[in-house]
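Here is the structure we will look at.
Protein chains: 2
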Amino acid sequence: MQNLLEKINQKICSINIPEQPAELYEPVTYTFSLGGKRMRPVLALLGYSLYKDDYEKALDAAVALEVFHNFTLLHDDIMDNAPLRRGKPTVWHKWGNSTAILSGDAMFIKSYELLSAYEGELLKKLLPVFNKTALEICEGQQLDMNFETAKNVSIADYLHMIELKTAVLLGAALQMGSLVSGATDEDAQNLYEFGKNTGIAFQLQDDILDVFGETEKVGKQTGGDIISNKKTFLLLKAFELADESTTEKLNDLLNEKNEQKKVEGVKAIYHLLEVKKLAEAEMQKFYSKGLSALEKVNASAEKKKVLTDFTEQLMQRQS
Amino acid sequence: MQNLLEKINQKICSINIPEQPAELYEPVTYTFSLGGKRMRPVLALLGYSLYKDDYEKALDAAVALEVFHNFTLLHDDIMDNAPLRRGKPTVWHKWGNSTAILSGDAMFIKSYELLSAYEGELLKKLLPVFNKTALEICEGQQLDMNFETAKNVSIADYLHMIELKTAVLLGAALQMGSLVSGATDEDAQNLYEFGKNTGIAFQLQDDILDVFGETEKVGKQTGGDIISNKKTFLLLKAFELADESTTEKLNDLLNEKNEQKKVEGVKAIYHLLEVKKLAEAEMQKFYSKGLSALEKVNASAEKKKVLTDFTEQLMQRQS
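Same order as they appear, the protein sequences are chains A and B.
30 is the number that our numbering gives to position 8 of the first sequence; each next residue is one higher, with no gaps.
291 is the number that our numbering gives to position 269 of the second sequence; each next residue is one higher, with no gaps.
Right under this line is the structure:
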């Protein structure tokens with residue numbers, strides 16, 4: 023795994039970023055330097071490695087996914103007015119909106135440049151997967167923004183949103199990695215399903231950790247979702263289960279200005295309604311669904327275990 | 023020509039734009055409905071038609087270029103704070119920045135979706151041209167923004183900027199159209215040079231018309247570049263040629279608040295220094311350079327004439 027990460031970071035460093043105009047390209051290098059878990063490229067390489075050993079051949083696709091992911095963060099941070107990312111100032115916050123828009127666009131093009139490394143027949147397979155996924159991620163971001171002000175967001179709506187906004191890219195990473203290795207379309211599709219469902223499980227876990235995680239393990243202050251009234255699985259489930267008086271209490275808490283009081287109050291209701299358990303069950307449901315898809319994949323049990331070791335390690339982080 | 027335009031607009035209307043989320047896709051349909059000269063797709067189809075008659079085969083590439091161009095306008099309008107485009111409110115002005123960023127991104131993806139229609143070997147040729155051009159256009163937009171506050175912009179800097187910001191896409195349109203028809207790489211490259219140099223000539227003509235054109239023929243109020251202190255060929259040339267007292271007068275005019283007085287004053291200096299003639303000569307120089315590249319293209323004189331009839335008609339508009 024350490025070896026994969028090294029290769030991925032080497033590949034990112036080797037991307038040809040022109041020096042001029044500096045105003046356009048400096049934010050790109052800055053973004054790459056911020057690092058990250060590199061979950062998407064790792065999944066792409068693991069998808070490839072199910073079939074063949076020379077995973078370097080999947081590095082262009084793997085890193086295209088990472089560059090694309092970083093591009094979406096650049097634009098999302100403008101829309102979400104987020105000042106920090108990985109503990110550092112976001113690009114729009116450091117250089118302004120115009121820079122963040124344009125440097126983001128340049129990164130997006132760079133991701134297509136990386137994909138273009140593959141020969142025609144393979145390119146013809148990879149490009150539609152990448153395009154479809156990219157468009158779904160835009161849709162997910164739009165839905166996420168809509169939900170901020172929407173009155174009636176159902177749990178199904180929420181699951182659909184996180185599927186688009188974050189899960190499909192994990193599915194596409196496994197799918198594209200496997201396609202590069204020459205996997206059958208059926209295997210690639212099952213790997214997509216595994217990645218997508220696992221991605222939904224990851225997001226549900228993020229929601230849980232944001233409320234119940236230990237700050238030092240999660241690596242960020244918890245309670246942020248509660249403070250910002252984010253309509254997560256937990257909040258939506260709480261509203262679904264709450265009786266009249268609890269609903270009223272919950273609504274009052276959404277307007278509570280004292281952050282500590284707000285977090286503690288909402289958490290108390292979550293405990294009362296046992297929404298954490300329900301979220302964990304939902305998370306397991308999606309992960310199991312993913313595993314069923316993985317079972318159908320025609321690769322050795324040993325190779326699949328490398329993949330599930332990785333996803334399970336992610337599922338158990340900080341919980 | 024009318025037939026080409028109809029086919030292009032039909033193709034644009036046939037692009038599959040999902041209905042939901044409406045907030046994401048409505049601005050896309052809105053942008054397509056605003057129309058435009060469709061210069062880039064026409065050039066792509068003319069590039070194809072130099073070699074073969076069934077130009078419908080180049081429609082995907084042609085419309086990919088138009089969709090891409092419209093995407094850049096969406097993002098540029100945010101950066102330039104432009105409230106109107108083709109006489110209608112710009113997307114950011116109508117729906118806000120977040121919408122314009124995200125809908126722009128979606129349009130960008132749609133342009134790659136259109137390109138993906140071609141079979142692998144051709145895709146492998148088209149994609150690098152498209153990526154390179156797209157990145158250069160980002161660079162051009164960045165330089166254009168830099169120039170607003172830059173102290174020393176030379177005429178060479180300006181020509182480099184307009185080459186990147188507007189001319190390379192016209193070159194790429196001809197190149198890609200010809201590649202779809204199976205033209206040799208050499209022919210495609212010469213067509214690119216023709217399109218690029220013609221594009222620089224068009225932009226110089228735009229600069230001239232913005233100052234000296236007749237409002238009713240140009241279709242917009244003239245003098246905008248002078249009012250906004252835009253560093254065009256004319257202004258840069260005037261500063262290059264001006265003696266000390268004229269330079270001082272020109273600098274005073276840049277700070278003049280009365281718009282009519284400003285436009286008349288700057289125009290008087292342009293007349294004095296004969297910069298219009300010099301701009302026209304520069305425009306002709308680039309167009310001739312383009313024609314020399316076109317001469318080397320292995321297509322019939324008759325077919326080439328269709329292409330030059332189109333570019334010359336554009337060169338002579340409203341002058």
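Glycine is no exception: its CB is placed at the ideal position from the N, C-alpha and C atoms.
DSSP, read as helix, strand or coil, puts A:Lys-110 in strand. In the three-state DSSP reduction, A:Gly-221 falls in the helix class (H, G or I). Using beta-carbon distances, B:Ile-37 does not count as an interface residue toward chain A, since no partner is under 8 Å.
DSSP places A:Gln-32 in the helix class (H, G or I) of the three-state scheme.
B:His-293 counts as exposed, since fewer than 16 other C-beta atoms from the protein chains shown sit within 10 angstroms of its C-beta.
For A:Ala-264, no Cβ of chain B is located within less than 8 Å of the residue's own Cβ.
Residue contact with chain A for B:Asn-174: absent (no Cβ-Cβ distance below 8 Å to any residue of chain A). Contact check for A:Met-337 against A:Gln-227 passes: the beta carbons are separated by less than 8 Å. Among the residues of the segment 161–173 of chain B, those with a Cβ less than 8 Å away from any Cβ of chain A are Glu-161, Gln-163, Gln-164, Leu-165, Met-167 and Asn-168, in the order of the chain. A Cβ-Cβ contact shorter than 8 Å links A:Phe-332 with A:Val-64.
Less than 8 Å separates the beta-carbon of A:Ala-66 from that of A:Met-198. B:Glu-88 and B:Trp-117 have their C-alpha atoms roughly 22 Å apart.
Under the three-state reduction of DSSP, A:Gly-118 is assigned to coil, being neither helix nor strand.
Residue ranges of uninterrupted alpha helix (DSSP H) with 4 or more members, entirely inside the segment 208–282 of chain B and ordered along the chain, are 237–240, 246–249, 255–263 and 266–276.
Counting C-beta pairs with one atom in each stretch, the segment 121–129 of chain B and the segment 96–108 of chain B have three or more that are closer than 8 Å, which means they touch.
Contact with chain A is found for B:Asp-127, since one of that chain's Cβ atoms lies less than 8 Å from the residue's Cβ. Taking 8 Å as the upper bound for CB-CB distance, A:Arg-108 and A:Gly-58 are in contact here, some 7 Å apart.
If you look at B:Arg-62, you'll find it in the alpha helix (DSSP H) that goes 61–71.
Bounds of the alpha helix (DSSP H) holding A:Met-337 are 323–338. Annotation for B:Glu-262: Ile-177 place their beta carbon closer than 8 Å to its own, counting only its chain and skipping 5 residues before and after. Restricting attention to A:Phe-90, A:Val-288 and A:Ile-159, the CA atom closest to the CA of A:Lys-253 is found in A:Val-288.
Collapsing the DSSP output to three states places A:Ala-104 in coil. Apart from sequence neighbours up to five positions away, the residues of its chain that approach B:Ala-86 with a beta-carbon distance below 6 Å are Ser-133, Leu-136 and Leu-137, ordered along the chain. With respect to chain A, the C-beta atom of B:Lys-279 has no partner C-beta closer than 8 Å.
B:Gly-193 is outside the set of residues whose beta carbon lies under 8 Å from a beta carbon in chain A. Among the residues of the segment 144–160 of chain B, those with a Cβ less than 7 Å away from any Cβ of chain A are Leu-145, Lys-146, Leu-149, Pro-150, Asn-153, Ala-156, Leu-157 and Cys-160, in the order of the chain. The Cβ of B:Ile-131 sits closer than 8 Å to at least one Cβ of chain A.
Residue A:Ala-301 holds the alpha-carbon nearest to the alpha-carbon of A:Ile-230 among A:Thr-171, A:Asp-102, A:Lys-147 and A:Ala-301.
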